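Going by the numbering used here, the sequence shown runs without a break in its numbering and finishes at 270. To start, the structure under review is shown below, and the notes come after it.
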Amino acid sequence: MKYTKAIIILIIVIVYSSLMSACAAVHSDELKTTLAEDLEIHATLYEYTDDDETEIAAQMQTEDSDVGIEFTQGETLTVNADAEEGLAGVVYLSNLEILNLAQDYEGEVDRTIEGGNYYITYTDKDDNETTATIPSFSVPEITNMENGDVLSGDEFDVEWEDAEITGTLSLRVSYSGSGYSGIKTRSIDNTGSYSFDCDTCRGSGTVNLMHLRSINYMEGFAEASISMYNVSRRYVSFTTGQASLVQADALEEVLSVDELVQQCQTECREGDEDIIIVDDVTYDCCM
């Protein structure tokens, strides 16, 4: 099941949102030093239980101003992982040229073995290597959905296995079809079930149960901000009450953008998000 161009762009924005403390970037040759001990490492990892590869984005930032660094002196960020035999091959993270979000570097690496680690290595202009070791964790599996399920109505239940976890849980629902698309994220308690209100969801999408562990210190670097997400994902489609308001080729005839945005407005708690995208423009529905 594939996303439309709009939802792909939106997902990229969300995946790397934790790296966006800087809106600008500086060339590394403008800095007095690019040593790891003088810089911050920021990284986000998404490990899906149904995928053999893990998505990784990383960025080096200046310690005093949190400005992202664009490598212009041969610096690199690479990643590998524990594998059944030794280490998975080294993957060079490349600049995210689609959106150029403050010099993020991204790539995919083979998923680590159970209880294994990921290793992000920063190599400075003088070939000094400093490695961040990030353990993988786990996430309970969604038990009441299968790929291809059709979710009807304005609300649906998500259930997951009873499992002890350390960290935070959230549910992220993405959807995409004709007219508009979006992403809803809700912070949840580990109670084994959650009733998700999704009256604007329609078309194809995913339901993601996400376990986050945050790492705020990494030896060898001045500071660290690393988010490790383990995700149980289901590919689904939505038919909701609000979906009937949107027709295939006539969004502007059925519901104006202003009306759509007004209708999607909702109260959001800390950690929640509610975003729609229309004609490649993103709108925040959180009040």
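Note that beta-carbon positions come from the ideal geometry of N, C-alpha and C, so glycine has one too. Just so we're clear, the structure is a prediction, and the values are computed from it rather than from any experiment.
Assign residue i to one of three DSSP states: helix, strand, or coil.
i      : result
Ala40  : strand
Glu256 : strand
Val244 : helix
Val264 : strand
Ala205 : coil
Ser11  : helix
Ala66  : coil
Asp93  : strand
Glu235 : For Glu235, the pLDDT reaches just 41, beneath the cut-off of 50, and the residue's location in the model is therefore unreliable, although a value from the coordinates is still provided. In this structure, Glu235 counts as helix in the three-state DSSP scheme.
Glu142 : strand
Glu23  : strand
Ala71  : coil
Gly186 : strand
Val50  : coil
Tyr163 : coil
Leu291 : Residue 291 lies beyond the residue range present for the chain, which begins at -16 and ends at 270; the question has no answer from this structure.
Ala226 : Because the pLDDT at Ala226 is just 45, under 50, the model does not fix this residue reliably, and the point stays unresolved.
Pro123 : coil
Met128 : coil
Asp180 : strand
Glu112 : strand
Met270 : coil
Tyr200 : coil
Asn173 : coil
Leu76  : coil
On the premise that residue j lies in contact with residue i, defined as a C-beta separation below 8 Å, what is that separation, rounded to the nearest angstrom?
i      : j      : result
Ile198 : Ile260 : That belief does not hold up - the Cβ atoms of Ile198 and Ile260 are roughly 31 Å apart, past 8 Å.
Phe139 : Arg196 : With a Cβ gap of about 27 Å, Phe139 and Arg196 do not count as contacting.
Ser178 : Leu192 : 14 Å between Cβ atoms; not a contact.
Val92  : Ala115 : So it is not a contact: roughly 13 Å between Cβ atoms.
Ala271 : Glu30  : This structure gives no information on residue 271, because the portion of the chain shown stretches from -16 to 270.
For residue i, which option in the options has the closest C-alpha, if you only look at C-alpha atoms?
i      : options                           : result
Thr37  : Pro123, Thr55, Glu46 and Ala26    : Ala26
Trp143 : Val9, Tyr75 and Ile171            : Ile171
Asp137 : Asp47, Thr149, Glu129 and Arg185  : Arg185
Asp182 : Ala71, Thr249, Ser48 and Gly175   : Thr249
Asn78  : His194, Met43 and Gly175          : Met43
Gly175 : Ala71, Thr189, Asn127 and Met211  : Asn127
Leu152 : Asp145, Asn173, Tyr163 and Asp33  : Asn173
Asp241 : Glu256, Val264, Gly254 and Thr222 : Val264
Tyr158 : Thr149, Ala146 and Gly188         : Gly188
Gly162 : Glu253, Ile148 and Val244         : Val244
Thr61  : Glu97, Val50, Thr113 and Glu256   : Thr113
Would residue i pass as a contact of residue j if the rule is Cβ separation under 7 Å?
i      : j      : result
Gly90  : Val73  : no
Ile24  : Ala207 : yes
Cys251 : Cys269 : yes
Val219 : Leu134 : yes
Asp132 : Arg94  : no
Leu76  : Tyr88  : yes
Val156 : Val190 : yes
Thr55  : Asp12  : yes
Met211 : Leu22  : no
Ile148 : Arg217 : no
Ala146 : Gln86  : no
Gly150 : His194 : yes
Decide yes or no for the touch test of the segment 106 to 123 against the segment 10 to 27: beta carbon pairs closer than 8 Å, at least 3 of them. yes
Report yes or no: do three or more beta-carbon pairs, one from the segment 196 to 215 and one from the segment 164 to 182, lie closer than 8 Å? no
Does the structure place the segment 37 to 50 close enough to the segment 92 to 105 that three or more beta carbon pairs sit under 8 Å? These segments touch.
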